[in-house]
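**Q**
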Amino acid sequence: MATLKDERKEFESLGHIYPVQPGVNIHREIIAGVSGYWFTPEQPGGSEVVIFLHGGGYIYGSIESHRAMVSHIAKAIERKILLVEYSLAPEHPFPAALNETVAVIRELVRTVPDFQFSIMGDSAGGNLAMSTALKLKSLNAQPALYHVLISPWVNMETVYPSYAKNEKLDPIITKDFVQYAAGLYTAGHDLKDPLVSPVHGDFRGTSPTLILVGAHEVLTDDSIFLYEALKKAGVVSELKVYDGADHVWPLVDVHSKRSVEALDEIIDFIVVHQESAVK
1 MATLKDERKE FESLGHIYPV QPGVNIHREI IAGVSGYWFT PEQPGGSEVV IFLHGGGYIY
61 GSIESHRAMV SHIAKAIERK ILLVEYSLAP EHPFPAALNE TVAVIRELVR TVPDFQFSIM
121 GDSAGGNLAM STALKLKSLN AQPALYHVLI SPWVNMETVY PSYAKNEKLD PIITKDFVQY
181 AAGLYTAGHD LKDPLVSPVH GDFRGTSPTL ILVGAHEVLT DDSIFLYEAL KKAGVVSELK
241 VYDGADHVWP LVDVHSKRSV EALDEIIDFI VVHQESAVK
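Residues 1 to 279 (full-length UniProt numbering) make up the sequence shown, in order.
Set out below in structure tokens:
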């Protein structure tokens with residue numbers, strides 16, 4: 001039977017399916033005691049830094065699993081990206097990842113003149129992105145310019161219809177896995193807490209958000225319900241649902257037609273909302 005260590009190693013192999021984007025410099029920095037990795041394209045075009053929060057159910061994931069995909073995203077969007085290598089559960093359950101992410105952002109705001117940032121995350125990283133937005137709001141701290149979420153997991157209660165509807169269509173995620181990961185991450189904490197399941201949060205006054213998801217994911221409804229919650233709160237938001245796309249599809253093939261379409265959507269969204277923020 002595979003151990004958690006074995007599972008993590010297998011997950012990290014996703015980062016070696018295709019090569020890192022040439023011309024993107026990658027270097028490590030410790031910020032607020034947390035390991036982070038800077039991805040700098042040859043000609044960064046925006047003034048903001050994209051804080052990237054990786055997926056893996058809060059129990060897997062690292063620079064190894066996401067290095068290749070993030071390097072290609074950095075090149076495509078022409079932005080510096082900081083991948084935060086937050087601590088994983090069960091060794092470090094909730095709220096460790098959230099506290100570390102907020103600490104990194106606040107340290108950069110404190111120490112870098114005129115620091116501007118956005119937040120991007122995939123799967124559990126999408127959960128962490130929106131939990132971070134809610135936490136920053138509660139602290140009256142500087143918010144992100146915008147959020148970009150790829151196949152976000154935003155409700156740990158596993159109650160949405162897409163779990164049953166897409167059970168046989170999703171080759172990557174299962175309800176059993178989601179419940180397993182949620183149990184390790186929350187360690188008995190209330191699953192309805194908005195900092196655990198951000199779909200329940202008060203998003204009034206938060207930043208524009210783009211949500212990208214595959215139509216056949218067990219997590220498809222997470223994206224749909226989050227989008228509805230954002231719209232109800234008056235947040236500028238967009239939802240793009242891709243037929244035939246699997247969970248976090250650019251992680252497996254960043255050059256596929258649907259991945260290219262997703263990157264184009266991200267670029268268009270960033271241009272609009274980065275410029276709006278500057279104005």
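Think of the CB as a built atom: it goes at the ideal place given N, C-alpha and C, for glycine as much as any other residue.
1) From which residue to which residue does the beta strand (DSSP E) around Y242 run?
2) Per DSSP, what are the beta-bridge partners of T158 in this structure?
3) CB-CB under 7 Å to I267, same chain, minus the five flanking residues each way: which ones, in chain order?
4) Run through the stretch 26-84 for me and flag every whole alpha helix (DSSP H) of 4 or more residues, listed as ranges in chain order.
5) Out of K5, L128, F269, P113, which one is the CA nearest neighbour of V196?
6) Run through DSSP, which three-state label would F115 get?
7) Give me the residue from K135, A89, A74, V70 with the minimum Cα distance to V102.
8) Within a Cβ cutoff of 6 Å, which residues of the same chain sit near G126, ignoring the five residues on either side of it in sequence?
9) For the beta strand (DSSP E) containing V178, name the first residue and the last one.
10) Give the secondary structure of L169 by DSSP, where H, G and I count as helix, E and B as strand, and everything else as coil.
11) With a CB to CB cut of under 6 Å and the five nearest residues on each side skipped, what residues in its chain are close to A245?
12) Just to confirm the assignment, what range does the alpha helix (DSSP H) spanning G126 have?
13) Could you compute how far the alpha carbon of I26 sits from the alpha carbon of S13?
14) Rounded to the nearest angstrom, what separates F115 and E42 at their Cα positions?
15) Give the DSSP-derived three-state secondary structure of G121 in the structure shown.
16) Quick one: using the 10 Å Cβ neighbour count with 16 as the cut-off for buried, is P143 buried or exposed?
17) DSSP three-state call for K279: helix, strand or coil?
18) Excluding five sequence neighbours on each side, which residues of the same chain lie with their C-beta closer than 7 Å to the C-beta of R106?
19) Report the CB separation of F39 from V70 in whole angstroms; it is logged as a contact under 8 Å.
20) Please classify K80: is it buried, with 16 or more other beta-carbons within 10 angstroms of its beta-carbon, or exposed?
21) Indicate whether L251 and D122 have their beta-carbon atoms separated by less than 9 Å.
**A** Let me spell this out:
1) By one-based count along the sequence shown, residue 242 stands at place 242. Its beta strand (DSSP E) spans residues 237-242.
2) Taking the sequence shown and counting its residues from 1, the one referred to as residue 158 is at position 158. Paired residues: none, contrary to the question.
3) If you number the sequence shown from 1, residue 267 lands on position 267. Taken in chain order, the residues that qualify are A76, I77.
4) Note on the stretch 26-84: whole alpha helix (DSSP H) runs with a minimum of 4 residues are 63-77, in chain order.
5) Stepping through the sequence shown from its first residue, residue 196 is reached at position 196. The residue with the shortest Cα to Cα distance from V196 is L128.
6) Reading the sequence shown from its first residue, position 115 is the one you call residue 115. Three-state DSSP puts F115 in coil, outside helix and strand.
7) Walking along the sequence shown from the start, residue 102 turns up at place 102. Selected option, being the one with the closest Cα: K135.
8) Working through the sequence shown from its first residue, we reach residue 126 at position 126. Counting only residues of its own chain and dropping the five nearest sequence neighbours on each side, G126 has a CB closer than 6 Å to the CB of L149, P152.
9) Within the sequence shown, residue 178 is the residue found at index 178, counting from 1. V178 -> not in any beta strand (DSSP E); alpha helix (DSSP H) instead, spanning 175-186.
10) Counted from its first residue, the sequence shown places residue 169 at position 169. Three-state result, L169: coil.
11) By 1-based counting over the sequence shown, the position of residue 245 is 245. Same-chain partners within the cutoff: G214, R258.
12) Here residue 126 refers to the residue found at position 126 when the sequence shown is read from its first residue. Secondary structure note for G126: its alpha helix (DSSP H) is the uninterrupted segment 124-138.
13) Your numbering for residue 26 matches position 26 in the sequence shown. Your numbering for residue 13 matches position 13 in the sequence shown. Rounded to whole angstroms, the separation of the alpha carbons of S13 and I26 is 19 Å.
14) Stepping through the sequence shown from its first residue, residue 115 is reached at position 115. Stepping through the sequence shown from its first residue, residue 42 is reached at position 42. Approximately 20 Å, taken between the alpha carbons.
15) Within the sequence shown, numbered from 1, the residue matching residue 121 stands at position 121. DSSP places G121 within a strand segment (E or B) once states are collapsed to three.
16) The residue you call residue 143 lines up with position 143 of the sequence shown. Counting Cβ neighbours within 10 Å, P143 comes out buried, since at least 16 surround it.
17) Translated into the one-based positions of the sequence shown, residue 279 becomes position 279. With a pLDDT of 41 at K279, under the threshold of 50, the modelled position of that residue is not reliable, and the figure given next carries that caveat. K279 falls in the coil class under three-state DSSP.
18) If you number the sequence shown from 1, residue 106 lands on position 106. So the list reads A141, once near-sequence residues are dropped.
19) Taking the first residue of the sequence shown as position 1, residue 39 is located at position 39. Taking the first residue of the sequence shown as position 1, residue 70 is located at position 70. Between F39 and V70 a beta carbon distance of about 6 Å is seen, short of the 8 Å cut, so the two are scored as contacting.
20) Sequence index remark: in the sequence shown, residue 80 carries index 80 (1-based). It counts as buried.
21) Numbered from its first residue, the sequence shown carries residue 251 at position 251. Numbered from its first residue, the sequence shown carries residue 122 at position 122. Cβ distance < 9 Å, so L251 and D122 count as in contact.
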